[in-house]
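Enquirer: As numbered in our numbering, residues 215 to 614 make up the sequence shown, in order. Heads up, the beta-carbon is just placed ideally off N, CA and C, and yes, glycines get one too. Just so you know, these numbers come straight off a predicted model, no measurement behind them. Questions regarding the structure given below will be posed in turn.
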Amino acid sequence: MSQRLISLREKYLARWSTNAYKMEYNGFFSNHLLHGVTAICELGASEKRVEEYGDHYTTKLCPVNKKQEVKSVALKEAKPLLGQRTNFEGLRAMYEDEIQRLTVDGAVKKHLPTLVGGLAGSLLHGIIQLGYAYHVGGDLLIAEGLAYLHFSYLAFDDPNGEDSSEMEKVPFTREAAFKLVRRVRDDPKLLQELHTHLKEPAITKLSLGSLQPRVMSFSSDPVFGDRELFQAIASVVDSFDLADVDGDLALDFISWLYLMVPQNDFVILHATTSAWSLAQVDHLLSAEDRLRAWKVWFRVALSAYIAHEVPELPEADICVQSEAELPTLSSWEEIIANTLALEGDVDEHVYKMVQVVHEHATKAHQRKTSFLSEQEREYVMKKAAIKVIGEEFTIEVSST
């Protein structure tokens with residue numbers, strides 16, 4: 215681990231952790247401080263810049279009442295709290311105890327197989343919190359990530375068990391993915407079912423903004439999910455051969471989709487940073503649980519794509535332009551410099567997206583069969599970075 219990240223961890227523990235500021239603020243917004251300061255740190259911002267950014271971010275957070283005693287949740291009492299959005303501090307204390315007893319990796323290995331089925335909660339911020347925490351390191355940071363996954367859990371596991379049929383699977387190529395995303399976006403039955411479900415009392419009474427209830431509608435949660443929507447997406451994911459799925463494939467796919475969508479899509483951006491985050495910890499899962507985790511992630515990513523009702527995709531795959539256009543694009547040094555030169559109250563999601571796609575473009579890739587060639591990956595990641603720093607986010611969807 216770099217000295218910069220060690221220094222960042224020390225600052226976070228001293229000034230910015232959930233001992234000082236709550237994990238959520240203004241009702242349901244997730245505290246992104248750890249993600250934001252890590253991203254700009256990894257992009258090469260000065261220590262002073264990182265410090266100023268972190269301190270500025272705290273101005274919108276909710277300070278912790280330090281007089282309130284925190285009582286650790288007992289392990290036997292933890293399961294009923296899955297996804298109940300209550301007692302974050304008690305859950306964090308429980309996971310701190312588990313880390314002390316089992317080590318960081320031991321605690322993650324024990325608890326992630328259960329928690330990963332609910333990674334969609336709070337618009338994927340539980341797994342994002344854990345991924346950044348594991349990247350930076352530190353017992354408290356990991357405990358925060360595990361606790362937020364627990365707190366925000368939203369089931370996307372199949373309640374009937376994972377698909378084990380012997381039916382022939384379709385290779386997950388870009389051509390197949392292009393056909394898939396066009397087909398599910400243009401399926402009127404899915405949107406009709408979604409719009410109908412959004413009028414259900416269980417959904418209308420939620421106070422979680424406009425995006426989260428839409429994603430929740432595709433979940434397997436018995437209260438908030440619509441079984442027809444869940445099964446539609448689960449069957450699509452099950453039709454593909456994902457036996458060797460990993461973070462490289464997921465990031466290739468979702469970054470390509472982010473670029474294909476004709477808007478700076480806030481929801482697909484979250485799917486992108488969550489893929490990077492899951493990839494930070496998936497090595498701690500068994501092969502069976504790793505496959506299950508990535509299938510859950512694919513269900514969530516596709517559900518979020520449909521739920522946000524994105525505009526129609528272009529007729530041609532964006533990668534057909536890569537050979538001609540890649541030489542004209544800025545270098546990574548220029549892209550990062552432009553990112554760090556942004557003025558005003560810069561949204562932390564911009565820094566996170568650039569950090570993730572830059573890392574993905576420049577690291578060594580071991581996959582024998584790739585969703586993107588090296589040239590296409592460089593093109594997609596650069597274009598995604600340029601897009602996120604140059605366009606306003608599309609967050610809201612039209613009312614139904």
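1. Could you name each continuous beta strand (DSSP E) segment of 3 residues or more that falls completely within the region 358-440, going from the start of the chain to the end?
2. Using CA atoms only, rank isn't needed, just tell me which of Y309, M474, G320 and T486 is closest to V524.
3. Starting from Y239, follow its DSSP beta bridges and name the residues at the other end.
4. Whose C-alpha, out of S221, V384, Q298 and L408, is nearest the C-alpha of V350?
5. Excluding the 5 residues preceding and the 5 following F467 in the sequence, name in chain order all residues of the same chain whose CB lies nearer than 7 Å to its CB.
6. Quick check: the Cα distance between T614 and L422, rounded to an integer number of angstroms?
7. Does the beta-carbon distance from G439 to S449 come in below 9 Å?
8. Please report the residue range of the alpha helix (DSSP H) in which H579 lies.
9. Find the nearest neighbour of I342 within the set S286, K323 and Y367, judged by alpha-carbon distance.
10. Find the nearest neighbour of K383 within the set S469, A334 and D458, judged by alpha-carbon distance.
11. Restricting to Cα atoms, I'd like to know which of E266, K293 and S544 is closest to G558.
12. Does the pairing of the region 293-303 with the region 312-326 give three or more beta-carbon distances under 8 Å?
13. What separation, rounded to the nearest whole angstrom, lies between the Cα atoms of V190 and A416?
14. Do M308 and S286 have their beta-carbon atoms positioned less than 9 Å apart in this structure?
15. Can you give me the C-alpha to C-alpha distance between E414 and E442, rounded to a whole angstrom?
16. In the DSSP assignment, the alpha helix (DSSP H) including K324 goes from what residue to what residue?
17. In three-state terms, what does DSSP make of N478?
18. With a 10 Å radius around its C-beta and 16 neighbouring C-beta atoms as the bar for buried, classify P427 as buried or exposed.
19. DSSP three-state call for T300: helix, strand or coil?
20. At the level of alpha carbons, what is the spacing between K236 and A253?
21. With a threshold of 7 Å on Cβ separation, who are the neighbours of S433 within its own chain once the five nearest residues in sequence on each side are excluded?
22. Using DSSP bridges, identify the partner residues of D455.
23. Three-state secondary structure (DSSP) at T542?
24. Please check the pair I520 and R399, which I expect to be a contact at CB under 8 Å, by giving their CB distance rounded to whole angstroms.
25. Which residue from G250, V568, G375 and I313 puts its Cα closest to that of S545?
Expert: Judging by the given coordinates:
1. none
2. Indexing the sequence shown from 1 puts residue 524 at position 310. That would be M474, whose Cα lies nearest to the Cα of V524.
3. Position 25 of the sequence shown, counted from the start, is the residue given in the question as residue 239. Per DSSP, F243.
4. Counted from its first residue, the sequence shown places residue 350 at position 136. If we check each option's Cα against that of V350, S221 comes out closest.
5. Within the sequence shown, numbered from 1, the residue matching residue 467 stands at position 253. The answer, listed in chain order, is A391 and F585.
6. Within the sequence shown, residue 614 is the residue found at index 400, counting from 1. Within the sequence shown, residue 422 is the residue found at index 208, counting from 1. Any reading at T614 must be qualified, since the residue scores a pLDDT of 40, below 50, and its modelled position is unreliable; no value is offered.
7. Within the sequence shown, numbered from 1, the residue matching residue 439 stands at position 225. Within the sequence shown, numbered from 1, the residue matching residue 449 stands at position 235. Going by beta carbons, G439 and S449 fall outside the 9 Å limit.
8. Along the sequence shown, one-based indexing puts residue 579 at 365. Taken as a continuous stretch (DSSP letters only), H579 belongs to no alpha helix (DSSP H), as it is neither H nor E.
9. Position 128 of the sequence shown, counted from the first residue, corresponds to residue 342. When each option's Cα is compared against that of I342, the closest is Y367.
10. Looking up residue 383 in the sequence shown gives position 169. Residue D458 is the option with its Cα nearest to K383.
11. By 1-based counting over the sequence shown, the position of residue 558 is 344. When E266, K293 and S544 are compared, the shortest CA-CA separation from G558 is found for E266.
12. no
13. Outside the displayed span of the chain (215 to 614) sits residue 190, for which this structure offers no information.
14. For the purposes of this step, residue 286 is taken as residue 72 along the sequence shown, with counting starting at 1. For the purposes of this step, residue 308 is taken as residue 94 along the sequence shown, with counting starting at 1. Yes, these two residues count as a Cβ contact at 9 Å.
15. Locating residue 414 in the sequence shown gives position 200, counting from the first residue. Locating residue 442 in the sequence shown gives position 228, counting from the first residue. Using only the alpha carbons, I get a separation of about 14 Å.
16. As a first step, residue 324 must be located in the sequence shown, where it is residue number 110. K324 -> alpha helix (DSSP H) spans V318 to L329.
17. In the sequence shown, counting from the first residue as 1, residue 478 sits at position 264. The three-state reading of DSSP puts N478 in strand, counting E and B together.
18. As a position in the sequence shown, residue 427 is number 213, starting the count at 1. When all chains shown are included, P427 counts as buried.
19. Taking the first residue of the sequence shown as position 1, residue 300 is located at position 86. Coil, per DSSP.
20. Here residue 236 refers to the residue found at position 22 when the sequence shown is read from its first residue. Here residue 253 refers to the residue found at position 39 when the sequence shown is read from its first residue. When rounded, the distance between both Cα atoms is 20 Å.
21. In the sequence shown, counting from the first residue as 1, residue 433 sits at position 219. The residues are A334, L368, A369, F370, G439 and F444.
22. Position 241 of the sequence shown, counted from the first residue, corresponds to residue 455. P385, per the DSSP bridge assignment.
23. For the purposes of this step, residue 542 is taken as the residue at position 328 of the sequence shown. Looking at T542 - three-state DSSP - the assignment turns out to be helix.
24. By one-based count along the sequence shown, residue 520 stands at place 306. By one-based count along the sequence shown, residue 399 stands at place 185. Yes, I520 and R399 are in contact; Cβ-Cβ is about 7 Å, under 8 Å.
25. Within the sequence shown, numbered from 1, the residue matching residue 545 stands at position 331. With distances taken between Cα atoms, S545 lies closest to V568.
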